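Participant: Residue numbers (the UniProt record's numbering): 1 to 409. In this text, a Cβ means the ideal position worked out from N, Cα and C, and glycines have one as well. Bear in mind the structure is a predicted one, so any value in this text is a computation, not a measurement. Take a look at the following structure, please.
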Amino acid sequence: MFTNSRRRELTDEEIREILFNSDDEGDYNTESSGSDSDSEERLPPNLVSLERNPELGEGDDDVEENPEEGPSVVPCSRPEGPVPVEEVRSSDWRTAVDFTPPGPGIEFDSSISGVQNPPETPTAINCFRMFLSVETVDTRDPLNKIRNVFNALTSAFKRSFIPYKDLCVDESLMLWKGRLGFPQYILSKRHRFGIKFFVLCDVVTGYVQDMVIYTGATTSIKSVEGLGVSGSVVMTLLAPHLGKGRVLYVDNWYSSPMLFQHLLHQGTGACGTVRLNRRGMPTFPKKMKRGEVTFRENGTQLAVKWQDKRDVNFLTTVHPSSMAQSGRLDHFTGEPKVKPACVLDYNKKMGAVDRADMITSFVDCARKSTKWYKKLFFHLLDTAVLNAYTVHRKLSAPCFEEFHTLKNY
């Protein structure tokens with residue numbers, strides 16, 4: 001092993017001079033540290049804060065955080081829709097004046113600091129490393145850095161709107177290709193890779209009533225014996241709405257005779273596509289001609305197999321065993337096309353979650369970030385704005401026609 005004969009150990013005085021960047025060695029004498037307040041005042045300027053970004057300066061020390069009430073870093077204004085990256089970067093720079101970013105949840109007052117233009121909201125949010133104090137972080141929770149924000153927003157969603165009769169549950173995906181312990185791959189989604197949500201939506205308005213973030217074995221759901229993970233997700237999201245005569249629409253990942261029977265006992269109807277290999281499903285003919293339909297019922301549930309371009313299998317507790325006109329004509333015979341009533345109803349009411357994703361994608365304020373929880377925060381903020389816009393249109397649509405799109409709102 002080669003060694004450098006000229007290398008020597010640094011003395012304590014030299015180490016202090018390097019760390020504190022000071023010529024006065026007596027100012028940081030450890031033997032005469034004095035009181036705690038004096039030591040806090042003499043902290044070196046180059047030490048990095050654990051919770052704030054040192055590049056953006058110190059925050060407002062007067063703002064206190066209450067873990068029970070959730071974080072107080074939600075901005076007072078939301079960044080507008082898609083903005084070019086160059087514009088965001090150029091807006092971060094200001095004239096050389098004394099600048100201190102506003103504290104969490106505090107309106108920016110330009111008269112105090114002398115700055116004429118307030119900082120952009122993404123910059124103010126990005127100065128925080130976490131949305132929770134490091135002293136109260138639960139390391140066992142994969143969402144510990146965003147859990148308070150998520151719980152506060154979902155609680156507000158449930159309090160602010162009473163849904164209509166029809167509800168639907170489906171998956172949603174937020175794009176994320178970075179390092180993360182619980183990413184998902186969904187081929188049918190536009191982004192394919194990212195953080196998966198189980199979302200409960202109101203069919204009539206598209207209001208996002210509740211959501212659950214999938215984190216693997218630690219997903220925050222209440223396990224129900226005999227229903228598996230998919231059934232437990234449904235029962236967790238529907239817990240406040242059981243026994244009120246509502247109807248749920250789901251796809252074949254959730255549907256099963258066990259789940260539908262459990263919902264029926266709780267006063268809730270259900271309809272959805274289903275896999276024929278589910279426990280309790282009846283047997284159907286394997287080969288059927290196009291247009292043929294077969295019904296099976298057990299007194300409370302109706303199972304349907306309809307042969308279209310491919311096999312279509314349905315399970316429902318709210319539809320009769322009848323056919324209905326779809327409003328289109330058959331190109332070969334010229335006669336009106338008919339489909340099972342449950343198929344027509346399902347096609348009209350199942351796309352609420354995908355429609356909400358489509359609307360928010362046009363005005364998405366999320367940007368690339370090295371921290372997954374920062375991007376997740378802006379995704380939740382987009383959902384909150386969509387819900388606010390939905391309620392606004394429902395309450396004042398005849399009076400405010402200029403807000404006919406989410407971007408204008």
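Any chance the segment 250-263 sits against the segment 156-170, with 3 or more Cβ pairs inside 8 Å?
Facilitator: Yes: the two stretches touch, three or more of their Cβ pairs being nearer than 8 Å.
Participant: Output the distance between the C-alpha atoms of Thr283 and Leu238, rounded to the nearest integer angstrom.
Facilitator: Numbered from 1 along the sequence shown, position 283 holds the residue referred to as residue 283. Numbered from 1 along the sequence shown, position 238 holds the residue referred to as residue 238. Roughly 30 Å between the two C-alpha positions.
Participant: Between the C-alpha atoms of Glu31 and Glu14, what's the straight-line distance to the nearest angstrom?
Facilitator: Your numbering for residue 31 matches position 31 in the sequence shown. Your numbering for residue 14 matches position 14 in the sequence shown. Residue placement at Glu31 is flagged as unreliable, the pLDDT there being 44, under the threshold of 50; the coordinate-derived value follows with that caveat. Taking the straight line from one Cα to the other gives about 16 Å.
Participant: For the alpha helix (DSSP H) that contains Tyr214, what are its first and last residues?
Facilitator: Position 214 of the sequence shown, counted from the first residue, corresponds to residue 214. Taken as a continuous stretch (DSSP letters only), Tyr214 belongs to no alpha helix (DSSP H), as it is neither H nor E.
Participant: Can you list, in chain order, the residues of its chain with a C-beta nearer than 8 Å to that of Leu200? Leave out the 5 residues immediately preceding and following it.
Facilitator: Working through the sequence shown from its first residue, we reach residue 200 at position 200. Contacts found: Leu167, Cys168, Val169, Val208, Gln209, Asp210, Met211, Leu237 and Leu238.
Participant: Quick one, which of Ser255, Phe295, Ala217 and Gly299 has its alpha-carbon nearest Arg279's?
Facilitator: Taking the first residue of the sequence shown as position 1, residue 279 is located at position 279. When each option's Cα is compared against that of Arg279, the closest is Ser255.
Participant: So, at 7 Å on beta carbons, what are the nonlocal neighbours of Lys349 in its own chain, with the 5 sequence-adjacent residues on each side left out?
Facilitator: For the purposes of this step, residue 349 is taken as the residue at position 349 of the sequence shown. Correct list, in chain order: Asp166, Cys168, Val203 and Tyr249.
Participant: Note down the Cα distance separating Thr268 from Pro240, rounded to an integer number of angstroms.
Facilitator: Here residue 268 refers to the residue found at position 268 when the sequence shown is read from its first residue. Here residue 240 refers to the residue found at position 240 when the sequence shown is read from its first residue. The alpha-carbon atoms of Thr268 and Pro240 are separated by roughly 12 Å.
Participant: Would you kindly work out how many angstroms separate the C-alpha atoms of Val391 and Met235, rounded to a whole number?
Facilitator: Locating residue 391 in the sequence shown gives position 391, where the first residue counts as 1. Locating residue 235 in the sequence shown gives position 235, where the first residue counts as 1. If you take the alpha carbons of Val391 and Met235, they lie about 25 Å apart.
Participant: Keeping to the same chain, check which residues put their C-beta closer than 7 Å to that of Lys177; ignore five residues upstream and five downstream.
Facilitator: Taking the first residue of the sequence shown as 1, we reach residue 177 at position 177. So the qualifying residues of the chain are Phe193.
Participant: How many Å lie between Lys375 and Thr300 at the Cα?
Facilitator: Translated into the one-based positions of the sequence shown, residue 375 becomes position 375. Translated into the one-based positions of the sequence shown, residue 300 becomes position 300. So the two alpha carbons sit approximately 45 Å from each other.
Participant: Give the straight-line distance between the Cα atoms of Val343 and Lys371, rounded to the nearest whole angstrom.
Facilitator: Along the sequence shown, one-based indexing puts residue 343 at 343. Along the sequence shown, one-based indexing puts residue 371 at 371. Between Val343 and Lys371, the C-alpha separation is close to 42 Å.
Participant: Could you give the distance in angstroms between the alpha-carbon of Leu175 and the alpha-carbon of Thr333?
Facilitator: What you label residue 175 is simply residue 175 of the sequence shown in a count that begins at 1. What you label residue 333 is simply residue 333 of the sequence shown in a count that begins at 1. Roughly 46 Å between the two C-alpha positions.
Participant: Within the continuous alpha helix (DSSP H) that includes Ala384, where are the two ends?
Facilitator: Along the sequence shown, one-based indexing puts residue 384 at 384. Ala384 -> alpha helix (DSSP H) spans Trp372 to Ser396.
Participant: Counting C-beta neighbours from all protein chains within 10 Å, is the total for Pro285 16 or more, i.e. buried, or is it exposed?
Facilitator: If you number the sequence shown from 1, residue 285 lands on position 285. With fewer than 16 Cβ atoms within 10 Å of its Cβ, Pro285 is classed as exposed.
Participant: For Ile195, which three-state DSSP category applies?
Facilitator: Start at 1 with the first residue of the sequence shown, and residue 195 comes out as number 195. Three-state result, Ile195: strand.
Participant: Hey, quick one: how far does the alpha helix (DSSP H) through Pro257 stretch, first residue to last?
Facilitator: Translated into positions along the sequence shown, residue 257 becomes position 257. Looking at the DSSP string, the run of the alpha helix (DSSP H) that includes Pro257 is Pro257 to His265.
Participant: CA-CA distance, Arg290 and Phe161?
Facilitator: Position 290 of the sequence shown holds residue 290. Position 161 of the sequence shown holds residue 161. Cα to Cα, the separation comes out at about 43 Å.
Participant: Assuming Lys213 and Ile195 are in contact, meaning their beta carbons sit under 8 Å apart, how far apart are those beta carbons, in whole angstroms?
Facilitator: The sequence position of residue 213 within the sequence shown is 213, counting from 1. The sequence position of residue 195 within the sequence shown is 195, counting from 1. Residue 213 is actually Ile in this sequence, not Lys. About 7 Å separates the two Cβ atoms, so the contact holds.
Participant: Would Val338 and Ser326 be called neighbours here (beta carbons separated by less than 8 Å)?
Facilitator: Position 338 of the sequence shown, counted from the first residue, corresponds to residue 338. Position 326 of the sequence shown, counted from the first residue, corresponds to residue 326. Contact flag set, yes.
Participant: State the DSSP-derived secondary structure class of Val169, mapped to helix, strand or coil.
Facilitator: Translated into the one-based positions of the sequence shown, residue 169 becomes position 169. Val169: strand per DSSP, three-state reduction.
Participant: Name the two residues that bound the continuous alpha helix (DSSP H) containing Gly231.
Facilitator: In the sequence shown, counting from the first residue as 1, residue 231 sits at position 231. Start and end: Gly228 to Leu238.
Participant: If you count every other CB in all the chains shown that lies within 10 Å of the CB of Ser396, and 16 or more means buried, which is it?
Facilitator: Along the sequence shown, one-based indexing puts residue 396 at 396. By the 10 Å Cβ count, Ser396 comes out exposed.
Participant: Mapping DSSP to helix, strand and coil, what is Asn313?
Facilitator: If you number the sequence shown from 1, residue 313 lands on position 313. Here Asn313 sits in strand by DSSP.
Participant: Answer yes or no: do Leu380 and Thr360 have a C-beta to C-beta separation smaller than 8 Å?
Facilitator: Taking the sequence shown and counting its residues from 1, the one referred to as residue 380 is at position 380. Taking the sequence shown and counting its residues from 1, the one referred to as residue 360 is at position 360. Contact: no.
Participant: With Phe377 and Ile146 assumed to form a contact (beta carbons below 8 Å), what rounded beta-carbon distance in angstroms separates them?
Facilitator: Within the sequence shown, the letter at position 377 stands for residue 377. Within the sequence shown, the letter at position 146 stands for residue 146. Indeed they touch by this definition, with Cβ atoms about 6 Å apart.
Participant: On the three-state DSSP scale, how would you describe Ile15?
Facilitator: For the purposes of this step, residue 15 is taken as residue 15 along the sequence shown, with counting starting at 1. Here Ile15 sits in helix by DSSP.
Participant: Leu344 by DSSP, collapsed to three states: which one?
Facilitator: Position 344 of the sequence shown, counting from 1, holds the residue named residue 344. Residue state, collapsed to three classes: helix.
Participant: Sorted by chain position, which residues of the same chain lie with C-beta nearer than 6 Å to Val312's C-beta, five sequence neighbours on each side aside?
Facilitator: As a position in the sequence shown, residue 312 is number 312, starting the count at 1. For Val312, where only same-chain residues beyond five positions count, the Cβ hits under 6 Å are Trp306.
Participant: Identify which residue in Gly226, Lys287, Ser230 and Pro142 has its Cα closest to the Cα of Thr215.
Facilitator: In the sequence shown, the residue the question calls residue 215 occupies position 215. Minimum Cα distance to Thr215 is reached at Pro142.
Participant: Smallest Cα separation from Leu180: which of Tyr373, Arg393 and Lys394?
Facilitator: Against the sequence shown, residue 180 aligns to sequence position 180. When each option's Cα is compared against that of Leu180, the closest is Tyr373.
Participant: Any idea if Pro336 is buried or exposed, counting beta-carbon neighbours within 10 angstroms, 16 or more meaning buried?
Facilitator: By 1-based counting over the sequence shown, the position of residue 336 is 336. By the 10 Å Cβ count, Pro336 comes out exposed.
Participant: So who's on the other strand from Asp202, going by DSSP bridges?
Facilitator: Along the sequence shown, read from residue 1 onward, the residue named residue 202 stands at position 202. Bridge partners of Asp202: Leu167.
Participant: Which value, in whole angstroms, describes the spacing of the CA atoms of Ala352 and Phe295?
Facilitator: Locating residue 352 in the sequence shown gives position 352, where the first residue counts as 1. Locating residue 295 in the sequence shown gives position 295, where the first residue counts as 1. Roughly 27 Å separates the two Cα atoms.
Participant: Determine the direct distance from the alpha carbon of Thr154 to that of Glu9, and round the result to whole angstroms.
Facilitator: Position 9 of the sequence shown, counted from the first residue, corresponds to residue 9. Position 154 of the sequence shown, counted from the first residue, corresponds to residue 154. Looking at the two C-alpha atoms, the distance is approximately 57 Å.
Participant: By a C-beta neighbour count over all protein chains shown, 10 Å radius and 16 as the cutoff for buried, is Arg140 buried or exposed?
Facilitator: Position 140 of the sequence shown, counted from the start, is the residue given in the question as residue 140. Exposed, by the Cβ-count rule.
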